[in-house]
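**Q** Those sequence lines, one after another, are chains A and B. Okay, so the first sequence: first residue is 7 according to our numbering, each after it adds one. Okay, so the second sequence: first residue is 7 according to our numbering, each after it adds one. Glycine included, each C-beta is placed from N, C-alpha and C at the ideal position. Because the structure is a prediction, the values reported are computed rather than measured.
Protein chains: 2
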Amino acid sequence: MSKNISYKDAAEFFRTHDNYYILIHQNPDGDAVGSGFGLCFALRLLGKKANVMCSDPIPEKYSYILKDYEPQKFNHKTTVSTDLPDVKLLGKGLSGYSDFIELALDHHKSNTGFADLTVQDPAASSACEVLYEILSEGEIPISKETALCIYTGIATDTGCFKYECTTPRCHIIAAKLIEQYMLPIGRINRILFDIKSTEKMKFEQKVISEMQVLLDGKCAVITINHSDMEKCGVTEQDTEGVASLPMQVQGIEVGVTLREKEENRYKVSMRSAEIVDCSEICRRFGGGGHTRAAGCIIEGDADQVRMKILAAVAPILGIDLWLA
Amino acid sequence: MSKNISYKDAAEFFRTHDNYYILIHQNPDGDAVGSGFGLCFALRLLGKKANVMCSDPIPEKYSYILKDYEPQKFNHKTTVSTDLPDVKLLGKGLSGYSDFIELALDHHKSNTGFADLTVQDPAASSACEVLYEILSEGEIPISKETALCIYTGIATDTGCFKYECTTPRCHIIAAKLIEQYMLPIGRINRILFDIKSTEKMKFEQKVISEMQVLLDGKCAVITINHSDMEKCGVTEQDTEGVASLPMQVQGIEVGVTLREKEENRYKVSMRSAEIVDCSEICRRFGGGGHTRAAGCIIEGDADQVRMKILAAVAPILGIDLWLA
Numbered sequence: 007m008s009k010n011i012s013y014k015d016a017a018e019f020f021r022t023h024d025n026y027y028i029l030i031h032q033n034p035d036g037d038a039v040g041s042g043f044g045l046c047f048a049l050r051l052l053g054k055k056a057n058v059m060c061s062d063p064i065p066e067k068y069s070y071i072l073k074d075y076e077p078q079k080f081n082h083k084t085t086v087s088t089d090l091p092d093v094k095l096l097g098k099g100l101s102g103y104s105d106f107i108e109l110a111l112d113h114h115k116s117n118t119g120f121a122d123l124t125v126q127d128p129a130a131s132s133a134c135e136v137l138y139e140i141l142s143e144g145e146i147p148i149s150k151e152t153a154l155c156i157y158t159g160i161a162t163d164t165g166c167f168k169y170e171c172t173t174p175r176c177h178i179i180a181a182k183l184i185e186q187y188m189l190p191i192g193r194i195n196r197i198l199f200d201i202k203s204t205e206k207m208k209f210e211q212k213v214i215s216e217m218q219v220l221l222d223g224k225c226a227v228i229t230i231n232h233s234d235m236e237k238c239g240v241t242e243q244d245t246e247g248v249a250s251l252p253m254q255v256q257g258i259e260v261g262v263t264l265r266e267k268e269e270n271r272y273k274v275s276m277r278s279a280e281i282v283d284c285s286e287i288c289r290r291f292g293g294g295g296h297t298r299a300a301g302c303i304i305e306g307d308a309d310q311v312r313m314k315i316l317a318a319v320a321p322i323l324g325i326d327l328w329l330a
Numbered sequence: 007m008s009k010n011i012s013y014k015d016a017a018e019f020f021r022t023h024d025n026y027y028i029l030i031h032q033n034p035d036g037d038a039v040g041s042g043f044g045l046c047f048a049l050r051l052l053g054k055k056a057n058v059m060c061s062d063p064i065p066e067k068y069s070y071i072l073k074d075y076e077p078q079k080f081n082h083k084t085t086v087s088t089d090l091p092d093v094k095l096l097g098k099g100l101s102g103y104s105d106f107i108e109l110a111l112d113h114h115k116s117n118t119g120f121a122d123l124t125v126q127d128p129a130a131s132s133a134c135e136v137l138y139e140i141l142s143e144g145e146i147p148i149s150k151e152t153a154l155c156i157y158t159g160i161a162t163d164t165g166c167f168k169y170e171c172t173t174p175r176c177h178i179i180a181a182k183l184i185e186q187y188m189l190p191i192g193r194i195n196r197i198l199f200d201i202k203s204t205e206k207m208k209f210e211q212k213v214i215s216e217m218q219v220l221l222d223g224k225c226a227v228i229t230i231n232h233s234d235m236e237k238c239g240v241t242e243q244d245t246e247g248v249a250s251l252p253m254q255v256q257g258i259e260v261g262v263t264l265r266e267k268e269e270n271r272y273k274v275s276m277r278s279a280e281i282v283d284c285s286e287i288c289r290r291f292g293g294g295g296h297t298r299a300a301g302c303i304i305e306g307d308a309d310q311v312r313m314k315i316l317a318a319v320a321p322i323l324g325i326d327l328w329l330a
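Shown next, in the form of structure tokens:
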């Protein structure tokens, strides 16, 4: 059983330990990168040794965060994680650390409690919001680099302050960070949300043109196979953000994106507008996440996986799958 | 010559006048609708009579704002405008009021000073931000309807807090409005930024696939003719937001969208990333706007209009148009 601790206790933990490995989840997004490196920069400013560990390379788009980052050499003593709901998501490269995580900093309500200590706020938009609160309440200094990281995570997980999970607190933290550190948010947000390679633009066009609208127009489904990605010349990374595309269709309550992982194995990303609890449905398939955005892995071919998800969603929408 | 007045003076004006026509620009966007109706609801709450006037119908997407709005019958006495930089933009239906506008509430630095009194802040993200300051400083009550309007305008003009023009003040106002009025921002932002008709989605795909990337990859140009719109079954309204598409291409500094108004007459929308002052270029062609987003009308066929814009942009990017 993991012990839940307060922001102040977490700050105390960071002050009294040293030689950190900070683990983040595979296929890292802006909140994983932001919370991992944001914590790392804050620890280094405290005079600690710290490195961020990820089983995948950090995507090129976050190079503005890694600009001045170099891994340090030291004898590893303390293992913590940020934005990690489940040790399964560490990936193969880091799975050896699964049983030795002393402190988990998270915002997922589905956090499995794998760490000795957990500092968690399911009401927080992002792990970066939790990090901000720890540093503020614990009076740990925030440098411009850390501020940039925290903004990145909050912006990523709120869809740039667009989603329902955007609280007044998100806006207040953003206001403070922009004001104090003169963050170049126009440039950062273009990198995070707008700029795409020509290949990615063409890939998204293809995905939209092949999207299926089902369940009386309330559910849109995108299916991405390896062969589609090869044809368009895009990588796994380029498919980031695709999961929000089904939600653009008028009248849609649930958007589902199926990504082929291996033969007969799909990663399912689910989004909802106002009614469906995605986290609850994905948990039934061994996954997790948030109310409006969650994911899971389902075995089967694309048709089978799609049917499993539709069968779970239809009754919540009050639709008889066999009549729809 | 128009006289610039303070927020407090503007609040005093609103308290001491009555029977308002509030004029907004043709082809109204979220900030025009938000500032016009936001002011209207606030005036009505003060016990005043007020109607919003626009020469175009208010787009369907803003129906959450107009839900409880009914035009009132009264003898018109006072004419004000919101979010209107130039009386040319009133459109034919309202051009008769051009010389009789007593107070202009605006945030465009290109405001031509057409009103007797102008309350203006070029540092404000939106007319709605100016409206919020007037109501707050003047202690004029803000109802939930007005709060919804103000949020709509700020969100619209900052690209949902994404663009460079997003200041700490924008975030602080958003935080206060969400907190005090429990605004359903998830739903509103989906309406404002995400949801599209199938026709619009297909139209955007077509536009992206035909986009030209010019000037050493630094300028992307979209050209929209009436025939393209007819083919896809989209209206003028559906082309809203298209101007941001060229900015998605990696490496782009300037995005240009040409929309055919009549034969040999194009509306040019210009966006920039970090260097080019769009407002300055558009003013050369008799238009105006903001540093990162501006517009103008240019006569000629699509090729001629494109060349005029490229010739203006190329030297700023340090590119020789004839070698590029």
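1. Give the range of the beta strand (DSSP E) segment to which residue 300 of chain B is assigned.
2. Buried or exposed: where does residue 281 of chain A fall if 16 or more other Cβ atoms within 10 Å of its Cβ makes it buried?
3. Examine chain A for any beta-carbon lying closer than 7 Å to the beta-carbon of residue 207 of chain B, and answer yes or no.
4. With a CB to CB cut of under 6 Å and the five nearest residues on each side skipped, what residues in its chain are close to residue 77 of chain B?
5. Could you give the DSSP three-state label for residue 99 of chain B: helix, strand or coil?
6. For a test of the three-state rule: what should DSSP assign to residue 189 of chain B, helix, strand or coil?
7. Would residue 164 of chain B and residue 171 of chain B qualify as a contact pair, given that the criterion is a beta-carbon distance under 7 Å?
8. Among B:287, B:289, B:36, which has the Cα closest to the Cα of residue 159 of chain B?
9. Would the beta-carbon of residue 61 of chain A fall within 7 Å of that of residue 97 of chain A?
10. Hey, does residue 256 of chain B have any beta-carbon neighbour from chain A nearer than 7 Å?
11. If the criterion is Cβ atoms closer than 7 Å, does the pair residue 30 of chain B and residue 45 of chain B meet it?
12. Going by alpha carbons, who is nearest to residue 179 of chain B out of B:65, B:134, B:145?
13. For residue 317 of chain A, which residues of its own chain have a beta-carbon under 7 Å away from its beta-carbon, when the five flanking residues on both sides are left out?
14. Got a sec: which bits of the stretch 194 to 206 of chain B sit with their beta carbon under 8 Å from any beta carbon on chain A, in order along the chain?
15. Could you tell me which uninterrupted beta strand (DSSP E) segments, each at least 3 residues in length, are contained entirely in the stretch 55 to 130 of chain A, listed from first to last along the chain?
16. When every heavy atom of the ligand SAH is checked, does at least one fall within less than 6 Å of the C-beta of residue 99 of chain B?
17. So residue 2 of chain A and residue 298 of chain A are in contact, right, with Cβ under 8 Å, and what is the actual spacing, rounded?
18. Tell me the residue span of the alpha helix (DSSP H) that contains residue 237 of chain A.
19. When you compare the CB of residue 113 of chain B with every CB in chain A, is at least one pair closer than 7 Å?
20. Once DSSP output is grouped into helix, strand and coil, what is the label at residue 40 of chain B?
21. Cα-Cα, which of A:238, A:224, A:230 is closest to residue 209 of chain A?
22. Would residue 229 of chain A and residue 308 of chain A qualify as a contact pair, given that the criterion is a beta-carbon distance under 7 Å?
23. Quick one: is residue 206 of chain B buried, meaning 16 or more other Cβ sit within 10 Å of its Cβ, or exposed?
24. State the Cα-Cα distance for the pair residue 222 of chain A and residue 261 of chain A, rounded to the nearest angstrom.
25. By Cβ distance below 7 Å, which residues in the same chain neighbour residue 48 of chain A in space, the five residues on each side in sequence not counted?
26. Does DSSP put residue 12 of chain B in a helix, in a strand, or in coil?
27. Which stretch, first to last residue, makes up the alpha helix (DSSP H) that contains residue 262 of chain B?
28. Figure out for me which residue from A:84, A:232, A:247 has the closest Cα to the Cα of residue 198 of chain A.
29. Could you please give the first and the last residue of the uninterrupted beta strand (DSSP E) stretch that includes residue 5 of chain B?
30. Determine the chain B residues that contact residue 285 of chain A at a beta-carbon separation under 7 Å, and present them in chain order.
31. Establish whether the CB of residue 168 of chain B and some CB of chain D are separated by less than 7 Å.
32. Buried or exposed: where does residue 117 of chain A fall if 16 or more other Cβ atoms within 10 Å of its Cβ makes it buried?
33. With distances taken Cα to Cα, identify the nearest neighbour of residue 277 of chain A among A:292, A:256, A:252, A:289.
34. What whole-angstrom Cβ distance do residue 88 of chain A and residue 111 of chain A have, given they're in contact under 8 Å?
35. Applying the 10 Å Cβ sphere with the 16-neighbour rule, what's the burial state of residue 196 of chain B?
36. Can you give me, in chain order, the residues of the stretch 143 to 172 of chain B that have a beta carbon less than 7 Å from any beta carbon in chain A?
**A** To lay it out plainly:
1. The residue given as residue 300 of chain B occupies position 294 in the second sequence. Its beta strand (DSSP E) spans residues 299 to 305.
2. Locating residue 281 of chain A in the first sequence gives position 275, counting from the first residue. Under this definition residue 281 of chain A is an exposed residue.
3. Translated into positions along the second sequence, residue 207 of chain B becomes position 201. Output row for residue 207 of chain B: interface = yes.
4. Residue numbering aside, residue 77 of chain B sits at position 71 when the second sequence is read from its first letter. So the qualifying residues of the chain are 57.
5. The count along the second sequence starts at 1 and reaches residue 99 of chain B at position 93. Note: residue 99 of chain B maps to helix in three-state DSSP.
6. If you number the second sequence from 1, residue 189 of chain B lands on position 183. Coil, per DSSP.
7. Working through the second sequence from its first residue, we reach residue 164 of chain B at position 158. Working through the second sequence from its first residue, we reach residue 171 of chain B at position 165. Result yes, Cβ atoms of residue 164 of chain B and residue 171 of chain B sit closer than 7 Å.
8. In the second sequence, residue 159 of chain B corresponds to position 153, counting from 1. Nearest option by C-alpha distance: B:36.
9. Position 55 of the first sequence, counted from the first residue, corresponds to residue 61 of chain A. Position 91 of the first sequence, counted from the first residue, corresponds to residue 97 of chain A. Yes, Cβ-Cβ distance for residue 61 of chain A and residue 97 of chain A is below 7 Å.
10. Taking the second sequence and counting its residues from 1, one reaches residue 256 of chain B at position 250. Chain A contact via Cβ: present.
11. One-based indexing of the second sequence puts residue 30 of chain B at position 24. One-based indexing of the second sequence puts residue 45 of chain B at position 39. Against a cut-off of 7 Å, the Cβ pair of residue 45 of chain B and residue 30 of chain B comes out as no contact.
12. Along the second sequence, one-based indexing puts residue 179 of chain B at 173. It is B:134 whose Cα lies nearest to the Cα of residue 179 of chain B.
13. As a working note, residue 317 of chain A is residue 311 in the first sequence. Counting only Cβ-Cβ distances below 7 Å, and skipping sequence neighbours, we find 327.
14. 195, 196, 199, 200, 201, 202, 203, 204
15. 56 to 59, 84 to 88, 109 to 112, 123 to 126
16. The ligand SAH is not among the ligands present in this structure, which contains no ligands whatsoever.
17. Residue 2 of chain A is absent from the structure shown; chain A starts at 7 and stops at 330.
18. Position 231 of the first sequence, counted from the first residue, corresponds to residue 237 of chain A. Here the alpha helix (DSSP H) through residue 237 of chain A covers 232 to 238.
19. Residue 113 of chain B sits at position 107 when you count from the first residue of the second sequence. Judged by the 7 Å Cβ criterion, residue 113 of chain B is not in contact with chain A.
20. Against the second sequence, residue 40 of chain B aligns to sequence position 34. Reduced to three states, the DSSP call for residue 40 of chain B is helix.
21. Reading the first sequence from its first residue, position 203 is the one you call residue 209 of chain A. Answer by Cα proximity: A:238.
22. If you number the first sequence from 1, residue 229 of chain A lands on position 223. If you number the first sequence from 1, residue 308 of chain A lands on position 302. A contact, by the Cβ cut-off of 7 Å.
23. Along the second sequence, one-based indexing puts residue 206 of chain B at 200. So residue 206 of chain B ends up on the buried side.
24. Within the first sequence, residue 222 of chain A is the residue found at index 216, counting from 1. Within the first sequence, residue 261 of chain A is the residue found at index 255, counting from 1. Whole-angstrom Cα-Cα distance: 13 Å.
25. Mapped onto the first sequence, residue 48 of chain A falls at position 42. Cβ neighbours of residue 48 of chain A beyond the five flanking positions: 141, 146, 148, 152.
26. Numbered from 1 along the second sequence, position 6 holds the residue referred to as residue 12 of chain B. Of the three classes helix, strand and coil, the one that applies to residue 12 of chain B here is coil, per DSSP.
27. Position 256 of the second sequence holds residue 262 of chain B. Premise fails: residue 262 of chain B lies in the beta strand (DSSP E), 260 to 268, not in any alpha helix (DSSP H).
28. Along the first sequence, read from residue 1 onward, the residue named residue 198 of chain A stands at position 192. The residue with the shortest Cα to Cα distance from residue 198 of chain A is A:247.
29. Look at the range of chain B in this structure, 7 to 330, and you will see that residue 5 of chain B is not part of it.
30. For this step, residue 285 of chain A is matched to residue 279 along the first sequence. Per Cβ cutoff of 7 Å: no residues; residue 285 of chain A is ~15 Å from chain B at best.
31. Among the protein chains of the structure shown, namely A and B, there is no chain D.
32. The residue you call residue 117 of chain A lines up with position 111 of the first sequence. Buried, since its Cβ has 16 or more Cβ neighbours within 10 Å.
33. Numbered from 1 along the first sequence, position 271 holds the residue referred to as residue 277 of chain A. Ranking the options by Cα distance to residue 277 of chain A, first place goes to A:252.
34. If you number the first sequence from 1, residue 88 of chain A lands on position 82. If you number the first sequence from 1, residue 111 of chain A lands on position 105. Contact flag correct, Cβ pair sits at about 5 Å.
35. For the purposes of this step, residue 196 of chain B is taken as the residue at position 190 of the second sequence. Label assigned to residue 196 of chain B: buried.
36. 166, 167, 168, 169, 170, 172
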